[in-house]
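Just so we're aligned, residue 584 is where the sequence shown starts under the numbering used here, counting upward by one.
Where a beta carbon is used, it is the ideal one built from N, C-alpha and C, also for glycine.
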Amino acid sequence: MSVKVFGKGTLAARRRRHLSIRKKVSGTPEKPRLVVTRSNRNIVAQMVDDVHGVTVVSASTLQAPFKDFEGTKVEAAKKVGLLLAQKAKEAGISDAVFDRNGYKYHGRVAALADGAREGGLKI
Numbered sequence: 584m585s586v587k588v589f590g591k592g593t594l595a596a597r598r599r600r601h602l603s604i605r606k607k608v609s610g611t612p613e614k615p616r617l618v619v620t621r622s623n624r625n626i627v628a629q630m631v632d633d634v635h636g637v638t639v640v641s642a643s644t645l646q647a648p649f650k651d652f653e654g655t656k657v658e659a660a661k662k663v664g665l666l667l668a669q670k671a672k673e674a675g676i677s678d679a680v681f682d683r684n685g686y687k688y689h690g691r692v693a694a695l696a697d698g699a700r701e702g703g704l705k706i
């Protein structure tokens with residue numbers, strides 16, 4: 584009897600892409616992994632040190648600066664990228680490895696990466 588791990592569909596395809604990416608991408612204390620997590624309403628970005636298993640810096644649309652934000656989700660994602668780059672700079676981080684978490688590099692994911700680059704983070 585074989586066990587079906589993923590199945591079919593969009594979510595299963597994203598999980599397959601996520602695991603394929605995670606095999607190749609890992610973060611270090613000097614160059615952490617920038618992980619993007621997306622929902623229908625919010626976007627979360629974390630910089631993870633995989634050596635020690637800790638989140639170094641994070642930014643999200645759930646945080647206080649976005650409480651009264653009125654704009655599109657793409658604009659919010661870009662602002663999250665800028666905020667993450669600012670926090671990373673304060674923590675002494677200038678480089679990162681981008682982990683799109685199985686999502687297509689388009690729309691909010693691309694806007695977040697562009698915002699992080701504009702903020703001075705090298706991806």
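Same chain only: Cβ atoms within 6 Å of Gly-685, ignoring 5 sequence neighbours per side: Arg-597, Arg-600, His-601
Alpha carbon to alpha carbon, how far is Asn-623 from Ala-659? Give it in angstroms, no decimals. 13 Å
Less than 8 Å between the CB atoms is what I'm expecting for Leu-617 and Ala-693, so what's the real figure, rounded? Actually they do not touch by this definition, with Cβ atoms about 13 Å apart.
Can you find the residues in the same chain that come closer than 8 Å, C-beta to C-beta, to Lys-672, ignoring five residues on each side of it along the sequence? Gly-702, Gly-703, Leu-704
For Thr-593, the nearest candidate out of Asp-697, Lys-687, Lys-607 (CA to CA): Lys-687
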